Amino acid sequence: MTMVLLVEDDAWYAEQQQRLLKASGYEVQHASDAQRAIDLTSTQLPAAIVLDILLTYNTAFALLHELQSYAETSELPVILYSTQTELMNRDALAAYGVVAVLDKTNMHPLDVVRALKKVGI
Amino acid sequence: MTRRETSRTYDPSLDGSFGLLSAAHELKAPTALLRQLALELRGIAEGDTERRLIDQMILTSERSLRLTSDLTKTARLQDGLFEMEPVNAQQLCEEVAHELTPLYRAHGRTINVRPRRQAPLVVANRDLLRRVLLGFGDNALHYSHEDTSVVLGVEQRDRFVQLGVRDQGPILPYRGVDARPAVTGRPQSSGLGLMIAQQFADVMNGTVGTRRHKDGMTFYINMAMSEQLSLL
């Protein structure tokens with residue numbers, strides 16, 4: 000089963016995405032902060048990371064920098080979502096493996112699954 | 000295509016609006032979550048009444064997100080580069096009406112666009128102009144009477160194009176002055192929507208205003224006509 004790492008600090012949002020991802024056939028590991036996400040990638044490498052921008056403690060950007068610094072995780076596809084997507088430079092994010100940026104304010108709950116499918120995961 | 004940089008030195012932390020903007024930002028995430036949960040529920044709802052209630056939740060949360068998103072956008076007006084481009088005014092009105100139609104339908108109302116053959120181009124930031132019209136449309140829905148229609152229209156004037164939203168709601172008192180939020184808010188309205196529209200208009204060198212009719216109001220924005228019009 001394809002494993003996806005979900006990094007989301009809102010418990011109910013995480014619960015919804017886990018529910019939908021599992022229903023779509025993915026195995027899901029959940030981290031509520033960046034450090035926990037790094038720890039999880041050390042134990043099992045996911046096929047992709049689904050990442051909220053605003054996290055408790057470090058932001059998603061700190062995590063993206065960290066992932067880029069390791070050979071094992073530098074190629075991981077990342078799907079970002081946020082309520083502030085208009086502030087993001089999508090070209091710059093592509094260098095961090097970001098394959099999709101979803102706007103939380105107008106996305107459909109299944110858009111994360113669709114984004115994963117779109118990149119063949 | 001041109002870029003215009005705003006030169007204002009507005010600092011939201013100095014005038015008390017910082018709290019308002021922060022609140023708007025903080026409200027975005029929980030409102031987005033409510034919408035997402037409602038959308039998921041919509042997919043498994045079976046009864047008509049259940050679906051109708053869920054639709055109302057979705058549409059209400061989307062309306063709330065539009066407002067909070069507009070508010071947070073006002074905070075970035077002074078430091079942003081806003082791309083100004085020729086925008087087809089009629090087409091934009093049709094897009095806005097299309098976007099608002101589910102909300103109007105859920106309220107048992109209709110929203111239409113006055114047909115027009117030649118569509119004038121205006122110089123605007125498409126996103127900001129769209130937000131202004133959506134705001135006027137939200138306002139018109141709230142204040143229009145049940146059996147009336149709200150109509151978006153484009154009128155070409157001497158040097159500018161007026162994009163207006165005509166409703167049949169309460170008429171504002173005549174004060175003989177240009178529309179300013181502090182004096183033109185409707186009953187039980189904070190005037191916040193107009194204030195936002197005015198700030199967006201300022202950035203685009205446009206103006207917002209209101210026109211009284213015997214049976215309602217038109218909220219409008221005047222935008223400079225694109226010189227590319229002469230090329231058509």
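Chains A and B, in that order, give the protein sequences.
The C-terminal residue of the first sequence carries number 120 in numbering that gives the first Met the number 0, and the numbering is unbroken.
The C-terminal residue of the second sequence carries number 231 in numbering that gives the first Met the number 0, and the numbering is unbroken.
Glycine included, every Cβ here is placed at the ideal spot set by N, Cα and C.
This one's a predicted model, so the numbers in the text were calculated from it and none came from an experiment.
By the neighbour-count criterion, in which 16 or more other beta carbons inside 10 Å mark a residue as buried, Q43(A) falls on the exposed side.
The three-state secondary structure of H144(B), taken from DSSP, is coil. Three or more beta-carbon pairs separated by less than 8 Å are not found between the segment 110 to 122 of chain B and the segment 44 to 56 of chain B, which leaves the two stretches without contact.
Within the segment 33 to 82 of chain B, no complete beta strand (DSSP E) segment of 3 residues or longer occurs. Distance from the Cα of M106(A) is smallest, within the candidate group T72(A), Q83(A) and D90(A), for Q83(A). Residue environment: Q15(A) is assigned as buried (16 or more neighbouring CB atoms within 10 Å of its CB, all protein chains considered).
By the 16-neighbour rule on beta-carbons within 10 angstroms, N124(B) is buried.
By the Cβ-count criterion, V118(A) is exposed, with fewer than 16 other Cβ atoms from all chains shown falling within 10 Å of its own Cβ. Annotation for H64(A): the continuous alpha helix (DSSP H) segment containing it runs A59 to S68. Secondary structure at R129(B): helix, using DSSP grouped into helix, strand and coil.
Judged by DSSP secondary structure, T217(B) falls outside any alpha helix (DSSP H) and instead within the beta strand (DSSP E) spanning G215 to A223. When the beta-carbon positions are compared, L38(B) and C92(B) stay at least 8 Å from each other. For Y80(A), the beta-bridge partners assigned by DSSP are D51(A) and L101(A). Scanning A99(A), L50(A) and T72(A) for the CA closest to the CA of A114(A) turns up A99(A). Taking 7 Å as the upper bound on Cβ-Cβ separation, chain A lies near residues L38 and E39 of the segment 37 to 62 of chain B. The alpha carbon of D102(A) has as its nearest neighbour, out of H97(B), R34(B) and M83(B), the alpha carbon of R34(B). Here DSSP, grouped into helix, strand and coil, assigns I170(B) to coil. Membership of H107(A) in any alpha helix (DSSP H) is not indicated, and neither H nor E is assigned to it by DSSP.
Apart from sequence neighbours up to five positions away, the residues of its chain that approach F159(B) with a beta-carbon distance below 7 Å are N221, M222, A223 and M224, ordered along the chain.
Beta-bridge partners of H106(B) (DSSP): none assigned. By the neighbour-count criterion, in which 16 or more other beta carbons inside 10 Å mark a residue as buried, Y219(B) falls on the buried side.
Below the 8 Å Cβ cutoff, chain A contributes no neighbours of A96(B), its closest Cβ being approximately 18 Å away. Annotation for Q67(A): S73 and Y95 place their beta carbon closer than 7 Å to its own, counting only its chain and skipping 5 residues before and after. With its beta carbon at least 8 Å from every one in chain B, P76(A) lies outside the interface. A Cβ-Cβ distance of about 13 Å is found for the pair L191(B) and V207(B), leaving them out of contact under the 8 Å criterion.
Per DSSP, the continuous beta strand (DSSP E) segment holding R211(B) begins and ends at T206 to H212. Residues of chain B with a Cβ closer than 9 Å to the Cβ of H64(A) do not exist, since the nearest Cβ in that chain sits about 23 Å away. Counting along the chain, the unbroken alpha helix (DSSP H) around Q34(A) starts and ends at A33 to T42. Of all residues in the segment 18 to 38 of chain B, only K27, A28, A31, L32, Q35, L36 and L38 come within less than 7 Å of chain A when Cβ atoms are compared, listed by chain position. Listed along chain A is no residue with a C-beta nearer than 7 Å to that of S225(B); the closest approach is about 24 Å.
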